[in-house]
DNA sequence: CCTATAACCTACCTTGGCGGTAGGGTATCA
DNA sequence: TGATACCCTACCGCCAAGGTAGGTTATAGG
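Residue numbers (my numbering), protein chains in the order written: chain A, 422 to 579; chain B, 422 to 579.
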């Protein structure tokens, strides 16, 4: 695999938040149960998303998470980068602060890394695809949402 | 990193073989020394490349490896797939034998995996880029490529 | 207030694969 | 016959990934 489950799970969480996209925050427990993923682990991923400013949170009772911005303005490039860190197809390739692509093996100016061409292309195509895909594009049609039962509004006291 | 050093090193080996691209096989010791990579480890990678039919070998004295085909007909998709196995951006996505993309989490016909759209796109862009880049495109010396007709290489939009 | 909820934080643990080594066996030259 | 160099199997240390655990803080409702 090229992306870890951090991305896989994290994207699912974002989609879930977008699906219920309202003002009311959604508790992680709901999402964890709905997706069948371990809550404690999701908390780590969600922390990254929050620190990246993609979601915000409300603590305490009736707390939870909600999208910080509109789903259509959030790209998968932001989400994946928040979860995985910088996107690099191979270890020797990284993007310099100025945006250019650097090769760790090009220590000397003389020595040109021939394989850099390949990994630069690969990286560009991945980033482009991630940037072109917004969170909104992954949210299923509204009629599909209605098929999934929403949690009970108020549980009856026993 | 998304590709391991298997790809990084393996592609370097292939480029080296293409660079010296003649009938005479090149011993792995030369390449290992030239690239500054451990010989014993390269032997493993090279075995994969050979089993995939990308290179062939001659044993014994004056033995070594050479490209099984012309550099212009070898795509990076073949090389990377031989080294890494099937190309999948996340674990839950794999390509079925019929070519369609399968999602491990779509166990029930009911449950549609929304994130599948994303990973399918990402995978497609990676594979496309790897397929568009031939080994010949990574060989620095132009006079060596002239031995064979120029590849029908489409320039990749930056 | 008090309790339940749920975010938040830090630390820890286990496992598998990655990168690499080691030591042989076998084919091919000179 | 020796040197070369491919070939094969087995093994190993390390580290991050994936997950657990246990706490602390903030908020809503009664």
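Virtual Cβ for every residue (Gly too), placed ideally from N, Cα, C.
Next on the checklist: From the DSSP secondary-structure annotation, give me the bridge partner or partners of residue 488 of chain A.
Outcome noted: The partner list for residue 488 of chain A (beta bridge, DSSP) reads A:476.
Checklist entry - Thinking C-alpha only, which one of A:496, A:450, A:456 is nearest residue 483 of chain A? => result The residue with the shortest Cα to Cα distance from residue 483 of chain A is A:450.
Checklist entry - What does residue 539 of chain A reach in chain B if we use C-beta pairs closer than 7 Å? => result Per Cβ cutoff of 7 Å: 432, 497, 554, 559.
Next on the checklist: Taking 8 Å as the limit between beta carbons, can you name the residues of its chain near residue 489 of chain A, skipping five residues before and five after?
Outcome noted: Shown here for residue 489 of chain A: same chain residues with a beta carbon closer than 8 Å to its own, the five before and five after excluded, namely 474, 475, 476, 477 in chain order.
Next on the checklist: Going by DSSP, what residue range makes up the alpha helix (DSSP H) through residue 431 of chain B?
Outcome noted: Per DSSP, residue 431 of chain B belongs to the alpha helix (DSSP H) from 426 to 440.
Checklist entry - Comparing the CB of residue 472 of chain B with every heavy atom of the ligand FMN, is any distance shorter than 7 Å? => result Questions concerning the ligand FMN fall outside what the structure shown contains, since it holds no ligand whatsoever.
Item to check | Within 7 Å of chain B by C-beta, residues of the segment 458 to 484 of chain A in sequence order | outcome: Listed in chain order, the positions of the segment 458 to 484 of chain A with a beta carbon within less than 7 Å of a beta carbon of chain B would be empty, since no residue qualifies.
Next on the checklist: Pairs of beta-carbons, one from the segment 449 to 466 of chain B and one from the segment 424 to 434 of chain B, closer than 8 Å: are there three or more?
Outcome noted: Three or more Cβ pairs drawn from the segment 449 to 466 of chain B and the segment 424 to 434 of chain B lie within less than 8 Å of each other, which places the two stretches in contact.
Next on the checklist: For a test of the three-state rule: what should DSSP assign to residue 577 of chain B, helix, strand or coil?
Outcome noted: Residue placement at residue 577 of chain B cannot be trusted, given a pLDDT of 37 that sits under 50; what the coordinates show is reported in the next sentence. Of the three classes helix, strand and coil, the one that applies to residue 577 of chain B here is coil, per DSSP.
Item to check | Cross-chain neighbours of residue 547 of chain B in chain A, by beta carbon under 7 Å | outcome: Using a Cβ-Cβ cut-off of 7 Å, residue 547 of chain B is close to 543, 546, 547 of chain A, given in chain order.
Checklist entry - Secondary structure at residue 559 of chain A, three-state DSSP: helix, strand or coil? => result Note: residue 559 of chain A maps to helix in three-state DSSP.
Item to check | Selection from B:440, B:536, B:504, B:506 that minimises the alpha carbon distance to residue 558 of chain A | outcome: Nearest in C-alpha terms to residue 558 of chain A, of all of B:440, B:536, B:504, B:506, is B:536.
Checklist entry - Cα-Cα, which of B:507, B:541, B:497, B:538 is closest to residue 552 of chain B? => result Considering only alpha carbons, the answer is B:497.
Item to check | Simplified DSSP assignment, three categories, for residue 514 of chain A | outcome: Looking at residue 514 of chain A - three-state DSSP - the assignment turns out to be strand.
Checklist entry - So, residue 492 of chain B versus residue 556 of chain B, is the Cβ gap smaller than 8 Å? => result For residue 492 of chain B and residue 556 of chain B, yes; Cβs fall inside 8 Å.
Item to check | Distance, residue 479 of chain B Cα to residue 441 of chain B Cα | outcome: Near 16 Å, if we compare the C-alpha coordinates of residue 479 of chain B and residue 441 of chain B.
Item to check | Identity of the residues DSSP links to residue 533 of chain A by a beta bridge | outcome: Beta-bridge analysis with DSSP links residue 533 of chain A to no other residue.
Next on the checklist: Any beta carbon from chain B within less than 8 Å of residue 536 of chain A's own beta carbon?
Outcome noted: At least one chain B Cβ lies under 8 Å of residue 536 of chain A.
Item to check | One or two residues paired with residue 447 of chain A in a DSSP bridge | outcome: Looking at the DSSP assignment, residue 447 of chain A forms a beta bridge with A:486.
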